[in-house]
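> full-length UniProt numbering applies: residue 1 is where the sequence shown begins, and numbers increase by one. Beta carbons: idealized from backbone N, C-alpha and C, even for Gly. Note that this is a predicted model, so its numbers are computed, not measured.
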Amino acid sequence: MAEGSSSFVDDPCLSPSSKKQPGGWRAVKYILANETFEKLASMSLVANMTVYLKTKYNMEGVLLVNVINIWSGTSSFMSIGGALISDMFLGRYLMLLYSSISSLLGMMILTLTAIVPKLRPPTCIGQINCIDPNLWQLSILYAGLTLMAIGAGGIRPCNIAFGADQFNTTTKEGRSQLESFVNWWYFSFTFALVIALTAVVYIQTNISWVIGFAIPTSCLLVSIVIFVIGHHAYIIMKPQGSVFVDLVKVITAATRKHRLDCSRCSLYDPDFHPRTKQLRCLEKAAVIANQNELDEDGKPKNGWRLCSIQQVENLKLLLGMMPVCLAGIGCFMTMDQQTTIGILQAIQSNNVLRSGFKIPPGWMGLSPMIALSIWISTYEILWVPQTKRLTGKAKRLTMTQRINIGLISAMACSIVASFIEKKRRTAALKHGAFKAPMSILMLLPQFALSGLVEAFAAVAIMEYLTTQLPESMRTVAGAIFFISLSMASYLNSMLVNIVHKTTKKGGKTPWLGGHNLNNDKLENFYYLAASIEALNFLYFNLYARRFIATSCTINKESKEDQHNNEDQI
Numbered sequence: 001m002a003e004g005s006s007s008f009v010d011d012p013c014l015s016p017s018s019k020k021q022p023g024g025w026r027a028v029k030y031i032l033a034n035e036t037f038e039k040l041a042s043m044s045l046v047a048n049m050t051v052y053l054k055t056k057y058n059m060e061g062v063l064l065v066n067v068i069n070i071w072s073g074t075s076s077f078m079s080i081g082g083a084l085i086s087d088m089f090l091g092r093y094l095m096l097l098y099s100s101i102s103s104l105l106g107m108m109i110l111t112l113t114a115i116v117p118k119l120r121p122p123t124c125i126g127q128i129n130c131i132d133p134n135l136w137q138l139s140i141l142y143a144g145l146t147l148m149a150i151g152a153g154g155i156r157p158c159n160i161a162f163g164a165d166q167f168n169t170t171t172k173e174g175r176s177q178l179e180s181f182v183n184w185w186y187f188s189f190t191f192a193l194v195i196a197l198t199a200v201v202y203i204q205t206n207i208s209w210v211i212g213f214a215i216p217t218s219c220l221l222v223s224i225v226i227f228v229i230g231h232h233a234y235i236i237m238k239p240q241g242s243v244f245v246d247l248v249k250v251i252t253a254a255t256r257k258h259r260l261d262c263s264r265c266s267l268y269d270p271d272f273h274p275r276t277k278q279l280r281c282l283e284k285a286a287v288i289a290n291q292n293e294l295d296e297d298g299k300p301k302n303g304w305r306l307c308s309i310q311q312v313e314n315l316k317l318l319l320g321m322m323p324v325c326l327a328g329i330g331c332f333m334t335m336d337q338q339t340t341i342g343i344l345q346a347i348q349s350n351n352v353l354r355s356g357f358k359i360p361p362g363w364m365g366l367s368p369m370i371a372l373s374i375w376i377s378t379y380e381i382l383w384v385p386q387t388k389r390l391t392g393k394a395k396r397l398t399m400t401q402r403i404n405i406g407l408i409s410a411m412a413c414s415i416v417a418s419f420i421e422k423k424r425r426t427a428a429l430k431h432g433a434f435k436a437p438m439s440i441l442m443l444l445p446q447f448a449l450s451g452l453v454e455a456f457a458a459v460a461i462m463e464y465l466t467t468q469l470p471e472s473m474r475t476v477a478g479a480i481f482f483i484s485l486s487m488a489s490y491l492n493s494m495l496v497n498i499v500h501k502t503t504k505k506g507g508k509t510p511w512l513g514g515h516n517l518n519n520d521k522l523e524n525f526y527y528l529a530a531s532i533e534a535l536n537f538l539y540f541n542l543y544a545r546r547f548i549a550t551s552c553t554i555n556k557e558s559k560e561d562q563h564n565n566e567d568q569i
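1. In the structure shown, what three-state DSSP assignment does D567 receive?
2. How many angstroms separate the CA atom of M148 from the CA atom of T50?
3. For M473, which residues of its own chain have a beta-carbon under 7 Å away from its beta-carbon, when the five flanking residues on both sides are left out?
4. Can the beta-carbon of S208 be found less than 8 Å from the beta-carbon of A41?
5. Please classify E38: is it buried, with 16 or more other beta-carbons within 10 angstroms of its beta-carbon, or exposed?
6. Can the beta-carbon of V65 be found closer than 8 Å to that of S493?
7. Between the alpha carbons of L294 and I343, how many angstroms are there, rounded?
8. Could you spell out the range, first to last residue, of the beta strand (DSSP E) harbouring A436?
9. So, using beta-carbon positions, are K172 and R120 closer together than 8 Å?
10. Per DSSP, what kind of secondary structure is R403 in: helix, strand or coil?
11. So, under 8 Å CB-CB, H500 and L512 are touching, yes? Tell me the CB distance rounded to an integer number of Å.
12. What number of angstroms, rounded off, separates the C-alpha of V384 from the C-alpha of S414?
13. Return helix, strand or coil for P300, following the three-state DSSP convention.
14. My assumption, with CB atoms under 8 Å, is that F332 sits in contact with S484. Please give the rounded CB distance.
15. Within the chosen definition, does the region 385 to 398 reach the region 66 to 85 through at least 3 CB pairs nearer than 8 Å?
16. Let's test the definition: count the other Cβ atoms within 10 Å of the Cβ of N536 and tell me whether it reaches 16, buried, or not, exposed.
17. Rounded to whole angstroms, what is the Cα-Cα separation between G163 and L104?
18. For I359, which three-state DSSP category applies?
19. Is it true that the CB of L138 sits closer than 8 Å to the CB of T113?
20. In the structure shown, what three-state DSSP assignment does I131 receive?
21. Can you give me the start and stop residues for the beta strand (DSSP E) that I236 sits inside?
22. May I ask which residues mark the beginning and end of the alpha helix (DSSP H) holding T466?
23. Based on Cα-Cα distance, which residue from V194, K284, N497, Q386 lies nearest to C67?
24. Tell me the rounded alpha-carbon separation between A47 and P360.
25. If G144 and I101 are in contact, beta carbons under 8 Å, what's the gap, nearest whole angstrom?
26. Which of the three DSSP states is assigned to L32 in this structure?
27. Specify the secondary structure class of V116 as computed by DSSP and reduced to three states.
28. When DSSP builds the beta bridges, which residues end up paired with N350?
29. Could you please give the first and the last residue of the uninterrupted alpha helix (DSSP H) stretch that includes P216?
30. Distance, Cα to Cα, V476 vs K521?
31. State yes or no: is the C-beta of V453 within less than 8 Å of the C-beta of S409?
32. Please state if the CB of F181 and the CB of N34 are separated by a distance shorter than 8 Å.
33. Measuring only the C-alpha atoms, how far is R305 from V250?
34. Thinking I155 and S99 are a contact (beta carbons under 8 Å), I'd like their distance in whole angstroms, please.
35. Can the beta-carbon of A457 be found less than 8 Å from the beta-carbon of A371?
36. Given a cut-off of 8 Å, decide if A254 and P289 are closer than it, judged by their beta-carbon atoms.
Take a look at the structure:
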């Protein structure tokens with residue numbers, strides 16, 4: 001990689017001058033094209049993976065849910081590692097390139113499993129003589145999924161950030177261009193998602209899994225080629241360290257000095273950053289225990305022993321947000337349940353319309369998107385303008401109200417799903433069929449409610465994280481959101497395993513597990529999920545909601561004090 005072929009800079013505002021300046025829309029057109037093909041590729045596999053593992057790998061319910069949840073959770077959790085490696089070592093360009101190659105290798109392995117029959121167990125005969133996949137078949141499958149998880153972990157934290165690097169945000173024009181880029185990024189994401197959930201999923205389910213996997217694999221290859229071709233136009237930022245490391249430094253320094261008496265100790269950098277009353281024990285990280293901890297310029301010699309008040313307050317702010325994030329994890333669990341167990345219900349429902357058209361079970365994933373889109377459009381186009389017309393002031397739902405609506409929607413989703421599953425299973429047993437005569441369209445309400453959970457709670461929590469943290473910690477906000485998603489996936493997997501082992505004791509009918517939902521009592525699992533959501537609702541309103549007001553107040557005071565200090569200087 002020749003250094004003269006692109007711009008390597010320490011700051012995007014300091015790009016070198018040339019006849020053709022790197023960055024800007026000249027670079028972004030390659031990034032958007034790359035993003036469109038990459039998302040089309042990845043979402044084409046994610047959207048229909050439950051159906052593939054059920055129909056081609058004969059996975060029984062518990063194993064399938066575990067595989068999907070662990071894969072999804074690991075993909076989200078690896079975003080933290082991707083952000084760290086990018087910020088500290090590789091930079092965003094190389095991180096995106098290497099991660100895309102990892103995803104491509106994973107997709108090639110999955111495509112190979114669709115091409116070579118010996119890499120999968122034999123097809124079930126009448127859904128009763130199902131041979132489970134053997135160890136080496138699972139090993140190859142897991143290798144492909146692991147490579148894709150590693151790739152996703154590097155791509156997710158870097159794609160928008162790399163696009164933002166191409167603009168000079170110190171100017172009004174640069175900020176306007178960045179806002180436009182983000183809009184186009186979401187447009188390309190939505191466009192790719194719709195194509196993946198409709199055309200590609202239809203090809204996979206009704207025509208050929210080989211073609212259905214070859215298409216996204218080819219798309220990802222094209223995205224990598226486009227990304228590399230645009231190399232000459234990019235501003236490539238050098239790694240500048242990670243804010244995650246600063247947070248770990250505070251914990252380490254505070255732990256080392258936990259025996260110190262802070263009452264008469266001086267603090268490092270105390271004048272320019274306000275101190276909050278919460279978690280004062282962490283302030284020991286900023287205690288100057290010995291003047292030898294400072295160099296000749298008055299700066300810490302070792303950042304793992306002495307930190308600034310700003311670093312301490314950043315960690316305090318982050319820890320203060322955790323109670324709200326925990327409430328969000330409960331909502332995300334409901335969303336995850338529909339992408340796995342909900343799809344299993346769709347597989348065992350009648351998917352043939354009167355016209356003879358077969359609805360792919362994976363298309364049910366469109367319902368949450370449609371519900372989310374309808375609500376956002378209604379809210380922005382009707383609700384806000386009407387309240388402004390009637391009251392003279394546009395009234396928006398508060399963050400607490402939106403999270404509460406999301407929590408109620410999560411409860412409703414599980415309750416509705418339990419009623420629908422009871423009806424589906426009863427109809428299937430009555431007719432003695434693997435697929436119930438009940439239409440797959442009957443599942444739409446539970447998937448739509450899942451979309452409302454995302455529209456209210458998930459969006460509100462993401463907004464809460466991004467608005468309450470300082471700009472220097474915006475990457476941390478995204479990381480915490482991804483960690484919440486991964487925790488929801490892991491907890492769902494744990495819940496399914498515990499319920500399965502507990503309910504099958506004594507030869508009883510398990511609530512879920514096996515190759516046939518008709519032999520389970522899945523409706524009871526949904527009742528349990530609704531009970532957990534009810535407890536989560538109480539937890540949020542009796543405890544966690546107060547942290548929204550606290551965080552907002554602290555952040556406001558912090559900004560005001562910072563402006564006052566700047567005025568004094």
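In brief:
1. Its pLDDT being 41, under 50, D567 is placed unreliably by the model, and the measurement read from it follows with that caveat. Of the three classes helix, strand and coil, the one that applies to D567 here is helix, per DSSP.
2. 16 Å
3. V243, N314
4. no
5. buried
6. yes
7. 60 Å
8. 436 to 439
9. no
10. For clarity, residue 403 is Ile in the given sequence; the question names Arg instead. If DSSP states are grouped into helix, strand and coil, I403 belongs with the helices.
11. 6 Å
12. 30 Å
13. strand
14. 6 Å
15. no
16. buried
17. 21 Å
18. coil
19. no
20. coil
21. 235 to 237
22. 459 to 468
23. First, the residue type needs correcting, since residue 67 is Val and not Cys in the sequence shown. Taking only the C-alpha atoms, the option nearest V67 is N497.
24. 11 Å
25. The Cβ separation is near 14 Å, so there is no contact.
26. helix
27. coil
28. S439
29. 209 to 229
30. 41 Å
31. yes
32. no
33. 8 Å
34. 5 Å
35. no
36. Note that residue 289 corresponds to Ala in the displayed sequence, not to Pro. In this structure, A254 does not lie closer than 8 Å to A289 by Cβ.
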